[in-house]
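Some notes on the structure that comes next.
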Amino acid sequence: MLNVLRIGVVAAAMVALAGCAVKDSWKGVSSESAYDKELAAIRLAEDLNNDDYWEIQRPEENRIYVIADLKSYQTWLSTGEIPLVSSKIGVGPNGETLKLALVKDEAKAMETKVGFKGGAERMYYGETKGLDKGFYAEVHKAGTIYVFNTWSELEAFKKGGPANGQNQSGAGPKGETVVWVGKSGADADTKAKFAKAYGK
Numbered sequence: 011m012l013n014v015l016r017i018g019v020v021a022a023a024m025v026a027l028a029g030c031a032v033k034d035s036w037k038g039v040s041s042e043s044a045y046d047k048e049l050a051a052i053r054l055a056e057d058l059n060n061d062d063y064w065e066i067q068r069p070e071e072n073r074i075y076v077i078a079d080l081k082s083y084q085t086w087l088s089t090g091e092i093p094l095v096s097s098k099i100g101v102g103p104n105g106e107t108l109k110l111a112l113v114k115d116e117a118k119a120m121e122t123k124v125g126f127k128g129g130a131e132r133m134y135y136g137e138t139k140g141l142d143k144g145f146y147a148e149v150h151k152a153g154t155i156y157v158f159n160t161w162s163e164l165e166a167f168k169k170g171g172p173a174n175g176q177n178q179s180g181a182g183p184k185g186e187t188v189v190w191v192g193k194s195g196a197d198a199d200t201k202a203k204f205a206k207a208y209g210k
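Start counting the sequence shown at 11; every next residue gets the next number (this note's numbering).
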């Protein structure tokens, strides 16, 4: 009887181990570490709201719109309004009103945390940097859309630096000139994000 029990236990253990040995389930320590880092980066981006950025300068309205999430940007494109917004009157470089977009969690946090700033505001002032990998940004200025895929190039441009890259006349949604800034500015991933923003 004892031997029968032992055989049963061993068989059960073998079945359990076989169930764990799913094809392609373990890819090694380095792959697991890379996955963990990628997951951590995604979670951090969700907290910081720093994976994308739009800055639309409208001198005719004396406003600068700053948006840090695609959904809010697309709503602004279709309605001219930002769903959740923090307005700061006269604080732009030429006295413009800043219209700073918020996501839902940020709007809730502003109600309870004194001095809380959303991702759009933090990135506008350079208090939070954009993602190291997978970052996307646009600055709309004087009929031109400048497209960036690195924070450092965006930061340099905002400080008055040149926007060197590939120019594409009439490529914007309203016929604007698009400048793909930087050596890799016109890569496939950046162009795909641009197309997605405008539903192309």
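Here a beta-carbon is modelled for each residue, glycine too, at the ideal position from N, C-alpha and C.
In this structure, Gln-67 keeps its C-beta atom at 8 Å or more from the C-beta atom of Ile-77. Per DSSP, Glu-186 lies in no beta strand (DSSP E) and is assigned neither H nor E. Taking all protein chains shown into account, Glu-148 has 16 or more neighbouring C-beta atoms within 10 Å of its C-beta and is therefore buried.
Rounded to the nearest angstrom, the gap between the Cα atoms of Lys-139 and Ser-162 is 9 Å. Around the CB of Glu-121, fewer than 16 other CB atoms lie within 10 Å, so the residue is classed as exposed. Secondary-structure assignment with DSSP links Asn-177 through a beta bridge to Val-189. Ala-111: member of the beta strand (DSSP E) spanning 107-111, first to last residue. Minimum Cα-Cα distance from Gly-144 among the listed residues Ala-202, Pro-172, Ser-97 corresponds to Ala-202. Taking the C-beta atoms as reference points, Gly-102 is found no nearer than 8 Å to Leu-110. A residue is called buried when at least 16 other Cβ atoms come within 10 angstroms of its Cβ; Ile-155 meets this threshold and is buried.
The three-state reading of DSSP puts Ala-147 in strand, counting E and B together. In the assembly as shown, Asp-79 is a buried residue. Its beta-carbon has 16 or more other beta-carbons within 10 Å.
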